[in-house]
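In case it helps, UniProt numbering puts the sequence shown at residues 1 to 279. Worksheet: the structure to be examined is printed underneath.
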Amino acid sequence: MRRAAVLATVAAIATAGVPGSALGAPTTGVRLLAVGDIASCYSDGDGQTAALASALRGPIAVLGDIAYEYGSASDFANCFTPSWGRLVPRIRAALGNHDYGTGTARVAIRLFRLPPQGWYSYELGGWHVVVLNSNCDEVGGCGRGSPQWRWLRADLASHPARCTLAYWHQPRFSSGEHGSNTAVAPLWNVLAQARAEVVLQGHDHDYERFAPLNGIRSFVVGTGGRSHYPFAAALRGSVVRNDDTFGVLQLTLRPSGYDWRFVPVAGKVFTDAGTGRCR
Numbered sequence: 001m002r003r004a005a006v007l008a009t010v011a012a013i014a015t016a017g018v019p020g021s022a023l024g025a026p027t028t029g030v031r032l033l034a035v036g037d038i039a040s041c042y043s044d045g046d047g048q049t050a051a052l053a054s055a056l057r058g059p060i061a062v063l064g065d066i067a068y069e070y071g072s073a074s075d076f077a078n079c080f081t082p083s084w085g086r087l088v089p090r091i092r093a094a095l096g097n098h099d100y101g102t103g104t105a106r107v108a109i110r111l112f113r114l115p116p117q118g119w120y121s122y123e124l125g126g127w128h129v130v131v132l133n134s135n136c137d138e139v140g141g142c143g144r145g146s147p148q149w150r151w152l153r154a155d156l157a158s159h160p161a162r163c164t165l166a167y168w169h170q171p172r173f174s175s176g177e178h179g180s181n182t183a184v185a186p187l188w189n190v191l192a193q194a195r196a197e198v199v200l201q202g203h204d205h206d207y208e209r210f211a212p213l214n215g216i217r218s219f220v221v222g223t224g225g226r227s228h229y230p231f232a233a234a235l236r237g238s239v240v241r242n243d244d245t246f247g248v249l250q251l252t253l254r255p256s257g258y259d260w261r262f263v264p265v266a267g268k269v270f271t272d273a274g275t276g277r278c279r
């Protein structure tokens with residue numbers, strides 16, 4: 001059933017095109033795709049998003065909760081690999097709470113060749129990209145003076161890029177079912193002080209975009225295929241919300257700015273697009 005759904009989605013994309021995208025069109029800048037909350041043996045949504053991501057170019061920032069329910073070897077083998085397995089070479093993953101479902105995130109860390117604590121950084125098209133671990137209890141906390149906080153300050157100081165993007169799993173701000181995570185506030189504050197442009201997160205199974213807060217434009221992109229969560233009351237600064245569409249966020253990173261577009265899976269029409277400048 002899952003294989004049939006994937007093939008049907010691929011066929012739909014091939015015949016109808018990808019909504020909101022410009023496959024094959026010349027563009028400037030470097031592409032980065034982003035999505036979290038992905039693979040489950042109880043949903044075919046991950047097959048739809050895998051087909052979509054396969055049709056789009058660029059590395060993929062996976063925002064955690066990669067293989068439900070527990071991030072076990074069995075979950076990855078049976079629920080993630082049939083749909084998203086072919087995309088592993090393109091993935092640059094952050095760890096989610098379900099990835100620690102066995103007590104460790106060992107399977108995800110090994111598959112995606114992550115550092116043991118799950119935080120790292122890389123360069124992409126002139127941008128400095130920081131990947132953090134919002135499972136604070138698993139890594140010695142996220143507060144001032146914690147190992148991750150100290151690493152982040154040192155990393156940003158040693159990479160004074162004009163444009164900076166960060167991503168992790170549990171969102172600092174969210175109008176969704178899980179809500180905002182204050183534990184990561186110290187990390188957010190370090191990024192704000194460093195004049196970062198964009199933060200990407202998952203955890204709530206919806207799409208939400210905030211107006212810049214402390215100078216940072218924040219997205220929740222928990223639309224990878226697991227399920228949909230309804231919104232609670234909208235937080236101040238929330239400008240776009242959708243809770244019924246799987247898809248991926250497509251970013252085009254340029255030397256002095258960026259464009260974003262939410263690309264829905266075949267058969268859905270919701271999208272969100274815009275542009276921003278580096279500070």
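All C-beta atoms in this analysis are idealised placements derived from N, C-alpha and C, irrespective of residue type, glycine included. These numbers were taken from a predicted model, which means no experiment stands behind them.
Subject >> Per-residue DSSP class, three states only, for Gln201 >> reply: In the sequence shown, counting from the first residue as 1, residue 201 sits at position 201. DSSP places Gln201 in strand when its eight states are reduced to three.
Original post:
For Cys163, does the three-state DSSP call read helix, strand or coil?
Top reply: Numbered from 1 along the sequence shown, position 163 holds the residue referred to as residue 163. Note: Cys163 maps to strand in three-state DSSP.
Subject >> Per-residue burial, Ser83 [other beta carbons within 10 Å of its own, 16 or more giving buried] >> reply: For this step, residue 83 is matched to residue 83 along the sequence shown. With 16 or more other Cβ atoms within 10 Å, it is buried.
Original post:
Taking only runs of the beta strand (DSSP E) that begin and end inside the region 52–79, which ones reach a length of at least 3 residues, in chain order?
Top reply: 60–63
Original post:
At what residues does the alpha helix (DSSP H) containing Arg195 begin and finish?
Top reply: As a position in the sequence shown, residue 195 is number 195, starting the count at 1. Note, Arg195: premise wrong, no alpha helix (DSSP H); not H, not E.
Subject >> Residue from Asp272, Ala183, Ala53 and Asp99 whose Cα sits closest to the Cα of Phe112 >> reply: Numbered from its first residue, the sequence shown carries residue 112 at position 112. Nearest C-alpha to Phe112: Asp99.
Original post:
Among the residues of its own chain, which have a CB less than 6 angstroms from the CB of Gly45, if the five just before and after it don't count?
Top reply: Counting from one through the sequence shown, the residue named residue 45 turns up at place 45. Cβ within range, chain order: Gly225 and Phe246.
Subject >> Gln250, enclosing beta strand (DSSP E) - first and last residue >> reply: In the sequence shown, residue 250 corresponds to position 250, counting from 1. Gly247 to Arg254 is the span of the beta strand (DSSP E), which, as asked, contains Gln250.
**OP:** Quick one: using the 10 Å Cβ neighbour count with 16 as the cut-off for buried, is Thr164 buried or exposed?
**Re:** Here residue 164 corresponds to residue number 164 of the sequence shown, with the count starting at 1. So Thr164 counts as buried.
**OP:** Count the other CB atoms, across all protein chains shown, that sit within 10 Å of the CB of Gly202; report buried if there are 16 or more and exposed otherwise.
**Re:** Indexing the sequence shown from 1 puts residue 202 at position 202. Buried, because 16 or more other Cβ atoms sit within 10 Å of the Cβ of Gly202.
**OP:** In the DSSP assignment, find the beta strand (DSSP E) that holds Trp260 and state where it starts and stops.
**Re:** Residue 260 sits at position 260 when you count from the first residue of the sequence shown. Run containing Trp260: Gly257 to Pro264, per the beta strand (DSSP E) assignment.
**OP:** Thinking Asp259 and His228 are a contact (beta carbons under 8 angstroms), I'd like their distance in whole angstroms, please.
**Re:** Working through the sequence shown from its first residue, we reach residue 259 at position 259. Working through the sequence shown from its first residue, we reach residue 228 at position 228. Not quite, the Cβ-Cβ distance comes to about 26 angstroms (not below 8 angstroms), so this is no contact.
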